[in-house]
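Undergrad: Handing you a structure now.
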Amino acid sequence: MHMTSVVLLLLLITAVAGPAARLMRLPLPLLLIICGIVASLLGFHIDFEPDTFLLLFIPPLLFSDAYLMPLHDFRELRWPVLLLAVGLVIFSTIMGGYFIHWLLPVVPLAAAFALAAILSPTDAVAVGGMIDEERVPRRFLHILQGEALLNDASGLVCFKFAVAASLTGTFSVMHASFRFMLVAVGGILIGMALTFGFNFINRILSRHGFDEPTTQITLMTLLPFAAYLLAEHLEVSGILAAVSAGLSLNQSRVFGSAQTATRLRGSAVWEMITFVFNGLVFLLLGLQLPDIATQGINTANQAGDSTWSLVGTIILLTSMLLLLRLVWIFFISSTRYLIAKIRGHKTGRVSVTETAAMTIGGVRGAVTLAGILSLPIAENGLPAFPMRDLLVTFAAGVIMTSLLIAALVLPPLSRRLRHDGGDPVNRKADEARTLLALEAIAEMERQSALVTKQLDEITAQQRAEVTAALIAEYRFRLRLLEDAPDDKLKAEDCQNPDGPHRDTALARRRFEAALRLHLLRTERKALARMRQEGQVSDEIERLLTHDLDLEETALSGSARALPRHLHYTDGPKMFNPLIYTG
Numbered sequence: 001m002h003m004t005s006v007v008l009l010l011l012l013i014t015a016v017a018g019p020a021a022r023l024m025r026l027p028l029p030l031l032l033i034i035c036g037i038v039a040s041l042l043g044f045h046i047d048f049e050p051d052t053f054l055l056l057f058i059p060p061l062l063f064s065d066a067y068l069m070p071l072h073d074f075r076e077l078r079w080p081v082l083l084l085a086v087g088l089v090i091f092s093t094i095m096g097g098y099f100i101h102w103l104l105p106v107v108p109l110a111a112a113f114a115l116a117a118i119l120s121p122t123d124a125v126a127v128g129g130m131i132d133e134e135r136v137p138r139r140f141l142h143i144l145q146g147e148a149l150l151n152d153a154s155g156l157v158c159f160k161f162a163v164a165a166s167l168t169g170t171f172s173v174m175h176a177s178f179r180f181m182l183v184a185v186g187g188i189l190i191g192m193a194l195t196f197g198f199n200f201i202n203r204i205l206s207r208h209g210f211d212e213p214t215t216q217i218t219l220m221t222l223l224p225f226a227a228y229l230l231a232e233h234l235e236v237s238g239i240l241a242a243v244s245a246g247l248s249l250n251q252s253r254v255f256g257s258a259q260t261a262t263r264l265r266g267s268a269v270w271e272m273i274t275f276v277f278n279g280l281v282f283l284l285l286g287l288q289l290p291d292i293a294t295q296g297i298n299t300a301n302q303a304g305d306s307t308w309s310l311v312g313t314i315i316l317l318t319s320m321l322l323l324l325r326l327v328w329i330f331f332i333s334s335t336r337y338l339i340a341k342i343r344g345h346k347t348g349r350v351s352v353t354e355t356a357a358m359t360i361g362g363v364r365g366a367v368t369l370a371g372i373l374s375l376p377i378a379e380n381g382l383p384a385f386p387m388r389d390l391l392v393t394f395a396a397g398v399i400m401t402s403l404l405i406a407a408l409v410l411p412p413l414s415r416r417l418r419h420d421g422g423d424p425v426n427r428k429a430d431e432a433r434t435l436l437a438l439e440a441i442a443e444m445e446r447q448s449a450l451v452t453k454q455l456d457e458i459t460a461q462q463r464a465e466v467t468a469a470l471i472a473e474y475r476f477r478l479r480l481l482e483d484a485p486d487d488k489l490k491a492e493d494c495q496n497p498d499g500p501h502r503d504t505a506l507a508r509r510r511f512e513a514a515l516r517l518h519l520l521r522t523e524r525k526a527l528a529r530m531r532q533e534g535q536v537s538d539e540i541e542r543l544l545t546h547d548l549d550l551e552e553t554a555l556s557g558s559a560r561a562l563p564r565h566l567h568y569t570d571g572p573k574m575f576n577p578l579i580y581t582g
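As structure tokens, this is what we get:
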């Protein structure tokens, strides 16, 4: 089959896999890998170029995750994230390398370190497809996401050092430490510098009226690739450069003052990019597995080992990685708890459930496969990397085993994880909405008092009517948010933020959202009827449809942000949002 047809088929599978995963109640990454395996067995093959893969897929995905990372939470969790992303990688590389060499004496020590290093990076995308992100604590998610952002770079750097040591036979701890710092700092600085240049160009374009959404979005899309390529050309970390560019762009808030169209279209473009690229990553992973498994089995049989011994080794390697991760997480949580106690800070121990979920959440993914496949092969008279085929098989087996364990264990574990104090994100969002509404009301009252003095009576009356209507609308928003008739009830809600008055407000907001959406869809049907009857032209129909789409998008987003269930269960059950009329 022609390459173009194969790519189009992969895109089709990616698009269909989402609904199919929900229907079959399977984690999306696992279903995509299965689809890739089936496609490979049916004869579909794509030559996997590790360098091309790392350039095409990893920079935009990590850049997108970094750009969307909540910076406040990232700063608060910087030490756990760094200890996992750097400390755990080094710990796993050293301890895992010695364990692999002890388990498989035929594998040289340097090659064992290379395998342990490339098995260190985790894949938060795979984990996200296996848990309900709305049900688990935000801290848990942000630690996993922050770790995955940074440990790809640290794992690949350790991997390159181990490969170089294996090929040259020399290794210096001082030189490796210096190179590690140079590669990391260099990558971070390049990402920051390119983001600064992007912001500078963006400001110049905006100042001269060339702030077109398509131009800005295109430049932003090219930014992670530029950061990666420049960093790799200068022999520093391209992955860290892409992550640094995303975090720097996030920090700069350059699109906060951009056109609304730029933000809306940019969000849509990046949502599509991440969806398609994530899907293709797992499909490509599945496409490679049958050939890798065949090569590994043949290599094991030639060495006199059975297929079951190969499977047993993969299970032992996965267990070793889980044990090392568990020990490191326990060490971090215990150390933080002791330091907090010494300083007199109130803190709680990390629960057994969260520790287990964090351990199982260390799923291996595409970076591991791309890295291990980049090991040198025998060509142009040069020897292949020692035990290359066997190491590739072990890495692929660990990827699949960690995914299967996570798919089986993480969903029930995530259901046992709990939010501390209900849903803090929605509650803080409601508090911010309340402050914004109060600020808007105060501004309208100030403007009304200022403008009324300078206008004639008729114009002033018209302005006053419009202002009064808007103030009434904002006060209605406040009532939906608060729904407490007096200070006493508000005080009760502060003590019990998930109490009955909170439920009343949620019920009213649900009803309002449902009614507004229903009315919008009624308008949409009427517009279609008017178009068919010739009352409006195609141009007018497209214009009004665009307006309705924007309004429905905003309403749908607000409706999805509402909690799915009313928290208070001791009060009356009359607040069904579908029939609520109070």
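Residue numbers (UniProt numbering): 1 to 582. Just so it is clear, CB atoms sit at the ideal spot from N, CA and C, and this is done for glycine as well. Quick caveat: nothing in here was measured; it's all calculated off a predicted structure.
Enumerate in chain order the residues of its own chain whose CB-to-CB distance from L61 is below 8 Å, with the five nearest sequence positions on each side excluded.
TA: Here the set comprises V125, T274, F277, N278, V281.
Undergrad: Please work out which residues of its chain come closer than 7 Å, Cβ to Cβ, to residue 593, disregarding the five sequence neighbours upstream and downstream, and give them in chain order.
TA: Since the displayed the chain opens at 1 and closes at 582, residue 593 lies outside it and no answer follows.
Undergrad: For H518, which of L548, R531, R542 has the nearest alpha-carbon?
TA: Here the closest residue by C-alpha is L548.
Undergrad: Run through DSSP, which three-state label would K346 get?
TA: Coil.
Undergrad: Take T218 as the anchor and find which of N202, Y228, L230 has the nearest alpha-carbon.
TA: T218 has its Cα closest to that of N202, out of N202, Y228, L230.
Undergrad: Does DSSP classify K573 as helix, strand or coil?
TA: Unreliable positioning characterises K573 in this predicted model, as indicated by a pLDDT of 38, which lies under 50. The coordinate reading is nonetheless provided below. K573: coil per DSSP, three-state reduction.
Undergrad: Go ahead and label A432 buried or exposed: buried means 16 or more other beta carbons lie within 10 angstroms of its beta carbon, across all protein chains shown.
TA: Classification for A432: exposed.
Undergrad: What are the start and end residues of the alpha helix (DSSP H) that includes I46?
TA: First-last for I46: undefined, no H or E at that position.
Undergrad: Going straight from the alpha carbon of L527 to that of E551, what length do you get?
TA: Answer to the nearest angstrom: the Cα atoms are 15 Å apart.
Undergrad: By how many angstroms is the C-alpha of M3 removed from the C-alpha of L10?
TA: One C-alpha to the other measures close to 11 Å.
Undergrad: The alpha helix (DSSP H) with F99 in it runs from where to where?
TA: Element bounds for F99: 88–103.
Undergrad: Considering I372, what are the terminal residues of the alpha helix (DSSP H) in which it resides?
TA: Counting along the chain, the alpha helix (DSSP H) containing I372 begins and ends at 366–373.
Undergrad: With a threshold of 7 Å, establish whether the CB of N298 neighbours any heavy atom of the ligand FAD.
TA: Ligands displayed in this structure: none; no statement on the ligand FAD is therefore possible.
Undergrad: Nearest to residue 646 by CA position, among G266, T195, S166, is which residue?
TA: The question about residue 646 has no answer here: the residues shown for the chain are numbered 1 through 582.
Undergrad: At a cut of 8 Å, does the region 150–163 reach the region 70–88 through at least three beta carbon pairs?
TA: With a cut-off of 8 Å, the region 70–88 and the region 150–163 count as touching, because enough Cβ pairs lie within range.
Undergrad: From what residue to what residue does the alpha helix (DSSP H) around A17 run?
TA: Where A17 is concerned, the enclosing alpha helix (DSSP H) stretches over 3–24.
Undergrad: On the three-state DSSP scale, how would you describe T122?
TA: Here T122 sits in coil by DSSP.
Undergrad: Measure how close the beta-carbons of V127 and L410 come, nearest whole angstrom, since I'm counting them as under 8 Å.
TA: That belief holds up - the Cβ atoms of V127 and L410 are roughly 7 Å apart, short of 8 Å.
Undergrad: Would you say the region 384–392 touches the region 349–363, given that touching needs at least three Cβ pairs under 8 Å?
TA: Cβ pair count under 8 Å is below three, so no.
Undergrad: By the three-class DSSP mapping on this structure, what secondary structure does D549 have?
TA: Residue state, collapsed to three classes: helix.
Undergrad: Using a threshold of 8 Å, state whether the C-beta atoms of G191 and M69 are closer than that.
TA: Not in contact: G191 and M69 (Cβ atoms no closer than 8 Å).
Undergrad: Determine the DSSP secondary structure at F385, reduced to helix, strand or coil.
TA: F385 falls in the coil class under three-state DSSP.
Undergrad: Please state the DSSP three-state secondary structure of S154.
TA: In the structure shown, S154 sits in a helix (DSSP, three-state: H, G or I).
Undergrad: Output the boundary residues of the alpha helix (DSSP H) element that contains L234.
TA: Taken as a continuous stretch (DSSP letters only), L234 belongs to no alpha helix (DSSP H), as it is neither H nor E.
Undergrad: Can you give the Cα-Cα distance for L289 and R524, rounded to whole angstroms?
TA: Whole-angstrom Cα-Cα distance: 48 Å.
Undergrad: Please classify V173 as buried or exposed, where buried requires at least 16 neighbouring CB atoms within 10 angstroms.
TA: Exposed, since its Cβ has fewer than 16 Cβ neighbours within 10 Å.
Undergrad: So what's V409 in DSSP terms, helix, strand or just coil?
TA: Reduced to three states, the DSSP call for V409 is helix.
Undergrad: Of the residues G155, I131, P108, which one's Cα is nearest the Cα of L119?
TA: The shortest C-alpha separation from L119 is found at G155.
Undergrad: For the region 213–295, which segments carrying the alpha helix (DSSP H) assignment without a break, of at least 4 residues, lie completely within its bounds, in sequence order?
TA: DSSP runs (the alpha helix (DSSP H)) wholly in the region 213–295: 213–233, 238–252.
Undergrad: Looking only at C-alpha atoms, which of R78, G344, L144, S64 sits nearest to V269?
TA: Out of R78, G344, L144, S64, S64 has the C-alpha closest to the C-alpha of V269.
Undergrad: How many whole angstroms separate the CB atoms of L417 and P137, which I take to be in contact at a CB cut-off of 8 Å?
TA: Going by Cβ atoms, the distance from L417 to P137 rounds to 6 Å, so yes, they are a contact pair.
Undergrad: State the Cα-Cα distance for the pair S448 and N199, rounded to the nearest angstrom.
TA: Roughly 37 Å between the two C-alpha positions.
Undergrad: With a CB to CB cut of under 8 Å and the five nearest residues on each side skipped, what residues in its chain are close to M24?
TA: The answer, listed in chain order, is L31.
Undergrad: Compute the Euclidean distance between the alpha carbons of A464 and F476, then round it to the nearest angstrom.
TA: Each residue's alpha carbon lies about 18 Å from the other.
Undergrad: Can you check whether the CB of A111 is closer than 8 Å to the CB of S166?
TA: Yes. Within cutoff.
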